[in-house]
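Asks:
There are 2 protein chains.
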Amino acid sequence: MGIHVIAEFLGVDPEKISKVERVREILDRVVAKSGLHCVSSSFHQFEPYGVSAVYLLCESHLSVHTWPEYEYVALDIFTCGDEGSALKAFDLMLEEFQPKIYNKQVIWRNLYERSGVPNSLRLSRVEEKRLGTS
Amino acid sequence: MGIHVIAEFLGVDPEKISKVERVREILDRVVAKSGLHCVSSSFHQFEPYGVSAVYLLCESHLSVHTWPEYEYVALDIFTCGDEGSALKAFDLMLEEFQPKIYNKQVIWRNLYERSGVPNSLRLSRVEEKRLGTS
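Protein sequences, first through last, are from chains D and G. Mapped onto this note's numbering, the consecutive letters of the first sequence carry residue numbers 123 to 256. Mapped onto this note's numbering, the consecutive letters of the second sequence carry residue numbers 123 to 256.
Next comes the structure, spelled out in C-alpha cells:
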C-alpha cells in the first residue's frame with residue numbers, strides 16, 4: 123500500500139529549524155525535487171522557536187517537527203505507490219538539515235497485502251548512524 | 123521526545139471512509155475526545171472515493187489515509203509530551219472505524235534521550251490483531 127520513512131535528526135543547526143520561513147523554504151525544495159505533489163501545507167510557529175509542518179501530498183503526507191533547543195528534528199514521509207520518491211525525499215532532507223546523528227526506520231504499510239499471508243511479515247527496517255566527528 | 127502510533131485498519135465499512143465529510147466528523151470527534159489540540163486540518167478528496175486527512179496539532183500531528191475499495195485505513199498519531207493522548211486517540215479510532223483486523227506499532231521518538239545511552243534502545247512495539255469473525 124505504501125512506504126513510511128520515519129526518522130530523527132540530531133545535531134542540526136538551530137538556525138535552520140527555529141522559524142517557519144526557513145523550514146518552509148527547505149521543505150518546499152525537498153517536495154519539488156523529490157517529485158512529490160503537494161495538495162496543501164500547514165505550519166505552526168512555536169514561541170520563541172520550534173516549528174511543526176505538515177504537507178498533505180497526493181501521495182500521502184510529509185511532516186517535520188523541530189526542537190531547536192535540542193538541535194532535533196522528527197520527520198515522516200509516507201507515500202503510496204512508488205517508494206523511490208519517499209527515499210529520495212529522505213536523502214534530500216539529510217542534505218538540507220545535515221544532522222550529526224540520525225536514525226531512519228522504513229515501515230511498509232501493507233496490511234492489505236499481508237492479510238492473506240500472515241507469515242510473510244515485512245514490517246520495518248531500522249538504521250541508525252552517527253555522521254561527522256562531534 | 124514523543125510517541126508515534128502507526129496503525130493500519132482492514133475491514134472498515136467503506137461508507138465511513140469514502141468521503142471527506144464523514145471522515146472529518148469522525149476525526150474531529152476523536153481529536154476533541156482525546157484532549158488533543160488542533161492547530162489546523164487539511165483534507166483531500168480522491169475521486170470517486172478515498173480521503174487523506176492531516177491534523178496539525180499543538181502536540182504534533184494526526185493523519186488518516188483511506189482506501190475504501192480495500193476497506194483499508196492507514197493512520198498515524200504522533201504526540202510529544204504525555205503519551206496517554208495518543209493511545210486514547212488510537213482507542214477512539216478503533217471504536218469509530220471498527221476494523222476487522224488491525225495492526226498497531228508504537229514508536230518512541232527519543233533519539234535525543236537515547237543519544238547518550240546507545241545501549242538503551244527502546245525503538246518500537248508491534249501488535250497485530252484480528253477482531254470479530256469477519
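In this text, a Cβ means the ideal position worked out from N, Cα and C, and glycines have one as well.
1) Strictly below 8 Å CB to CB, what residues from chain G border D/Val-161?
2) For G/Tyr-299, which of G/Leu-214, G/Leu-209, G/Pro-136 has the nearest alpha-carbon?
3) So which residues of chain G does D/Arg-231 contact, with C-beta pairs closer than 7 Å?
4) List, in chain order, every chain D residue whose beta-carbon is nearer than 7 Å to that of G/Ser-207.
5) Per DSSP, what kind of secondary structure is G/Leu-233 in: helix, strand or coil?
6) First and last residue of the beta strand (DSSP E) that includes G/Phe-219?
7) May I have the straight-line CA-CA distance separating D/Leu-132 from G/Tyr-234, to the nearest angstrom?
8) Which residue wins for smallest C-alpha separation from G/Phe-219, given the options G/His-126, G/Val-127, G/Ala-129, G/Lys-138?
9) Could you tell me which chain G residues have their CB closer than 7 Å to the CB of D/Leu-178, listed as they occur along the chain?
10) Using a Cβ-Cβ distance cut-off of 8 Å, determine whether D/Leu-124 contacts chain G.
11) Can you tell me which of the three DSSP states G/Tyr-194 falls into?
Replies: In short:
1) Close partners of D/Val-161 in chain G (Cβ separation under 8 Å): Ser-164, His-166, Ser-174.
2) The shown model of chain G, from 123 to 256, leaves out residue 299 of chain G, and the question about it has no answer.
3) Here the neighbours are Glu-130, Ala-196.
4) Within chain D, no residue comes near G/Ser-207; the closest Cβ sits about 15 Å away, beyond 7 Å.
5) In this structure, G/Leu-233 counts as helix in the three-state DSSP scheme.
6) Here G/Phe-219 belongs to no beta strand (DSSP E); instead the alpha helix (DSSP H) covers 206-219.
7) Approximately 7 Å between the Cα atoms of the pair.
8) Across the set G/His-126, G/Val-127, G/Ala-129, G/Lys-138, the C-alpha of G/Lys-138 shows the shortest separation from the C-alpha of G/Phe-219.
9) For D/Leu-178, the chain G residues whose Cβ falls inside 7 Å of its Cβ are Ser-164, His-166, Ser-174, Val-176, in order along the chain.
10) First, the residue type needs correcting, since residue 124 of chain D is Gly and not Leu in the sequence shown. It does: the Cβ of D/Gly-124 has a partner Cβ on chain G nearer than 8 Å.
11) Of the three classes helix, strand and coil, the one that applies to G/Tyr-194 here is strand, per DSSP.
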